[in-house]
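Colleague: Keeping their order, the protein sequence lines are chains A and B. Just so we're aligned: the first sequence equals residues 555 to 890 in the working numbering. Just so we're aligned: the second sequence equals residues 555 to 890 in the working numbering. C-beta: ideal position from N, C-alpha, C; glycine also. Source: prediction; values computed, not measured.
2 protein chains.
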Amino acid sequence: MPTIKDVARKAGVAPITASRVINDTGYVSESTRQRVRAAIEALGYVPNRVARSLRSKQTHTLALVLTDITNPFWTTVARGVEDIANGAGFSVILCNTDESESKEYSYVQVLLQKQVDGFLLVPAHGASRSVDLILKQRVPLVILDRSVNAAVDTVCSDSEGGAYELTRHLLALGHRRIAMLSGPRDVSTSVDRVAGYRRALAEAGVPVNERLIIYHAFTREGGYAMTTQVMALMPPPTALFAANNFIAIGAFGALREAGKRVPEDVALVGFDDLPPTFMTDPFLTVAAQRVYELAQEATGLLLRRLAGEAPPEPQAIVLPTDLIVRRSSELRIGNG
Amino acid sequence: MPTIKDVARKAGVAPITASRVINDTGYVSESTRQRVRAAIEALGYVPNRVARSLRSKQTHTLALVLTDITNPFWTTVARGVEDIANGAGFSVILCNTDESESKEYSYVQVLLQKQVDGFLLVPAHGASRSVDLILKQRVPLVILDRSVNAAVDTVCSDSEGGAYELTRHLLALGHRRIAMLSGPRDVSTSVDRVAGYRRALAEAGVPVNERLIIYHAFTREGGYAMTTQVMALMPPPTALFAANNFIAIGAFGALREAGKRVPEDVALVGFDDLPPTFMTDPFLTVAAQRVYELAQEATGLLLRRLAGEAPPEPQAIVLPTDLIVRRSSELRIGNG
DNA sequence: CTGTTAGCGCCTTCAC
DNA sequence: GTGAAGGCGCTAACAG
């Protein structure tokens, strides 16, 4: 593979001059520019960005560390991040942690060694060694979707507010026994959604039945298990609140297997919409996050940090959720 | 940020000795090893892989260039690639081309400059400048899902065979007017699926009605448009064959809007399943690809190439598809 | 407008 | 067991 030296020699100039042509920096006369261009063409020269990065200390690479690209929520995030990053000349390295802190930590170590210019991270837990390490290395970092015990840029949706609205919606339909099928206890989105749920109940003067609040994984299996559990209560809840899309799908499956119709027998609402592309028949009432926008905001903020254009203090961007009422919760029920 | 020199100085050794400890190569006495380790710890030293890559000419990074991560098919591929790559100590850079050849080409240029060790590529077109460029730079390349006019490693599903089976299934149910809603003409999967469709019809002695074969984008909109078009024919088809998952969803939407029931009024089958995680109620008969396996095979092959363990001649791995019959095509119809 | 010098951080080569 | 020298390919910094 030819190097910049070869190009320079062929064009009869110094390497730095070739460099100036390649990067379009500094003054180069039109004639030498032509010659260098010709040499590049003739040799099939491809600049080596690894070498450039070593000098310039910039890799033009961002790390996107999320839990599981298989969740359409994160898929959309990944797409948004990649779009914005690519538009600004950055590449994106993708990593799936599966909510495992050790996996997250070892990814972060490698990514730091690779000298990524910045991190977009969905921390597995609220107290994250990974976050501390990144911060210690002084690499720009934006936390996505969740909050964390550290002074960092954060971009997330208003989980508390979305859950509040969703719960109010159910209350307005007459529901009083609403089960909250939440995610892991140590993830801020779980906690915030439960908080919104509690606030709505409190405001409506409905006492909280703690047995109706369950924590499990943000998975289909979690939704299935939690639904089976709450539906066995006597009396069973009249409505289920699934704290994310996978839980909702698991809940729906469990209800169907149990012969319960939605919404006739039980109402079901969820957090996170599924992309319209997947749905032949949108059915579920949800608090929809502005997912693509979230990715855009986060990436934009990170790029501004890299460019030194962001305010010095950590930013906290919170996006609203959109209540979308569909058939899964359309029935008004009597009290009791 | 401390460098290997700082570590060496702190440990009272030469940089190369520190290097030997860090990479666990060559002989180092236990006592100096301890001192170096202590120095690393004390300084919070993080090895710089950019510098290492410049020397070693290996970045331990793979490029995954696909059309759109938003399609669950590619999402699963991305997950599979990342799992295998990460297990072997490689990172993955993700790129979405949206089937645009120019986007693809500019990505490939950048990725070559970044000295990725290998490419996993879903070419936008059969005759790909990108493929030629990668081959010219002698960077290992595995083509995913599609075939291409070049001698390269390829991993794909048996599109022809899957389409053949799916069509036979419809024929066995009594369908004779089966519309083929295909993808772009210049993508091999489209062509192969149409070929399988034709073979099944020919074998059954059913004449091909060319107006029932349409090409469009592999999108929901494409499926919608094609369905509207074929359903306007007199007589309309009794069954629709959607050449991918998005086309199937678009087709389903168009049918519902037109007041047609599936399968009572029209049967519908598709290529590519949706991941079970998304489906509250699996409904569509499909030729399911072994998506994760496809990603595994492709990444495995690429890694073997990098390790010099693959046979010199280009490999062609073809995975079977699985016919999954569901309600969308369960009705037997009369002839006529 | 162009070139010289030096060095980014690491590791291969060779010597001791 | 350990180290000195040199160079991977490129570009800052400083001439001219």
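Return the chain-ordered list of same chain residues with a C-beta closer than 7 Å to the C-beta of B:A812, the five sequence neighbours on each side being excluded.
Modeller: The residues are M785.
Colleague: Does the distance between the C-beta of A:G807 and the nearest non-hydrogen atom of the ligand PLP fall short of 6 Å?
Modeller: In the structure shown, the ligand PLP is absent, as is every other ligand, since no ligand is present at all.
Colleague: In whole angstroms, what is the alpha-carbon distance linking A:R739 and A:A733?
Modeller: Taking the straight line joining both Cα atoms gives about 16 Å.
Colleague: Excluding the 5 residues flanking A:I887 on each side, which residues of the same chain have their C-beta closer than 7 Å to its C-beta?
Modeller: Closer than 7 Å at Cβ, skipping near neighbours: L727, G728, H729 and T792.
Colleague: Three-state secondary structure (DSSP) at B:Y751?
Modeller: Helix at B:Y751.
Colleague: Can you give the Cα-Cα distance for B:K564 and B:E595, rounded to whole angstroms?
Modeller: Cα to Cα, B:K564 sits roughly 11 Å from B:E595.
Colleague: Do you know how far the Cα of A:F644 is from the Cα of B:T615?
Modeller: Between B:T615 and A:F644, the C-alpha separation is close to 15 Å.
Colleague: Along the chain, where does the beta strand (DSSP E) that runs through A:T708 open and close?
Modeller: Its beta strand (DSSP E) spans residues D707 to S711.
Colleague: Taking only runs of the beta strand (DSSP E) that begin and end inside the segment 712-774 of chain B, which ones reach a length of at least 3 residues, in chain order?
Modeller: Within the segment 712-774 of chain B, the complete beta strand (DSSP E) runs of at least 3 residues are 732-736 and 767-769.
Colleague: So, at 7 Å on beta carbons, what are the nonlocal neighbours of B:L860 in its own chain, with the 5 sequence-adjacent residues on each side left out?
Modeller: Taken in chain order, the residues that qualify are D671, G672 and P694.
Colleague: So, using beta-carbon positions, are B:P626 and B:P829 closer together than 7 Å?
Modeller: For B:P626 and B:P829, yes; Cβs fall inside 7 Å.
Colleague: Go through its chain and collect everything with a Cβ distance to A:D699's Cβ below 6 Å, but skip five positions before and after it.
Modeller: These residues qualify, in order along the chain: V676 and C710.
Colleague: Could you pull the DSSP bridge partners for A:V696 from this structure?
Modeller: DSSP output for A:V696 lists A:L674 and A:D707 as bridge partner(s).
Colleague: Going straight from the alpha carbon of A:A797 to that of A:A754, what length do you get?
Modeller: Distance between the alpha carbons of A:A797 and A:A754: 15 Å.
Colleague: Which chain B residues are close to A:R730, counting only those with a beta carbon under 9 Å from its beta carbon?
Modeller: Those do not exist, as A:R730 stays about 26 Å from chain B at its closest Cβ, beyond 9 Å.
Colleague: Shorter than 7 Å from the beta carbon of B:S612 to some beta carbon of chain A?
Modeller: The question names Ser, yet the displayed sequence has Gln at residue 612 of chain B. Cβ-Cβ to chain A under 7 Å: no for B:Q612.
Colleague: In the DSSP output, what is B:N650 paired with across the bridge?
Modeller: B:L620, per the DSSP bridge assignment.
Colleague: From A:R731 to A:T773, what distance separates their C-alpha atoms?
Modeller: Whole-angstrom Cα-Cα distance: 23 Å.
Colleague: Helix, strand or coil for A:T613 per DSSP?
Modeller: Reduced to three states, the DSSP call for A:T613 is coil.
Colleague: Flag this pair as yes or no: are the beta carbons of A:D746 and A:E719 separated by less than 7 Å?
Modeller: For A:D746 and A:E719, no; Cβs fall outside 7 Å.
Colleague: Please report how far the alpha carbon of B:Q691 lies from the alpha carbon of B:T630, in whole angstroms.
Modeller: Going by the C-alpha atoms only, they are around 29 Å apart.
Colleague: Do you know whose CA, among A:T708, A:D826 and A:E658, lies nearest A:T839's CA?
Modeller: A:T839 has its Cα closest to that of A:D826, out of A:T708, A:D826 and A:E658.
Colleague: Under 7 Å between the Cβ atoms of B:A805 and B:T782?
Modeller: The answer is no: Cβ separation not under 7 Å.
Colleague: State whether the segment 604-615 of chain A contacts the segment 590-608 of chain B, with contact taken as three or more CB pairs (one from each stretch) at a distance under 8 Å.
Modeller: Touching, per the Cβ criterion.
Colleague: Chain B beta carbons: is any one of them nearer than 7 Å to that of A:S882?
Modeller: False, the Cβ-Cβ gap to chain B never drops below 7 Å.
Colleague: How would you write the range of the alpha helix (DSSP H) that A:L855 sits in, first residue to last?
Modeller: Segment V845 to L860, the alpha helix (DSSP H) holding A:L855.
Colleague: One question on the structure: do B:V590 and B:A568 come within less than 7 Å of each other, judged by their Cβ atoms?
Modeller: The answer is no: Cβ separation not under 7 Å.
Colleague: Run through the DSSP bridge pairs and tell me what B:T839 is partnered with.
Modeller: For B:T839, which the question treats as bridged, DSSP gives the partners B:V823.
Colleague: Does the distance from the C-beta atom of A:A593 to that of A:V561 stay below 7 Å?
Modeller: The answer is yes: Cβ separation under 7 Å.
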